[in-house]
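As structure tokens, the structure follows; a few thoughts come after it.
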Amino acid sequence: MTDEPDSGTIAGEPVPVLERALSYLATTSSISEAGYFSAELPSHLMAPFTRAIMRIEAELLLHDADKVTAEAGEPRTHSQRRHDAFLALLMRIDEQATP
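FYI, the numbering for the sequence shown is 130 to 228, going by our numbering.
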């Protein structure tokens, strides 16, 4: 799924809803200074945010499928792909917000 410029959606979900979901993100850091994101989203935000991440993750999975080899296996793990989908979603939201 590709996002149409000026469509007002990212991965099929309304940009304002995704932006609102981001307002619930909190960051914490550990003793090792690793950063963590967490959020407790209300269901009316959680569902569209999760769908957007899953759709972007599906795009990445299709891309990764072309890179699978017998020697190397998959290019990234499920966790890595989910992380990359989250970051891709953040970048797409930022691109939509920046004219």
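Where is the CB? At the ideal position from N, CA and C, for every residue including glycine. All of these numbers come straight from a predicted model, not from anything done at the bench.
As an exercise, report each continuous beta strand (DSSP E) stretch of at least 3 residues that is fully enclosed by the region 143-216, in chain order. 155-158 and 164-167
Selected residue, minimal CA-CA separation from D193, among Y153, Q209 and A150: Q209
Would you mind sorting A163 into buried or exposed? The rule is 16 or more other CB atoms within 10 Å of its CB. exposed
Is V146 closer than 8 Å to I222 when the C-beta atoms are compared? no
In terms of alpha-carbon separation, which member of T198, L189, D195 and K196 lies closest to H207? L189
Going by DSSP, what residues sit across from I139 in a beta bridge? E142
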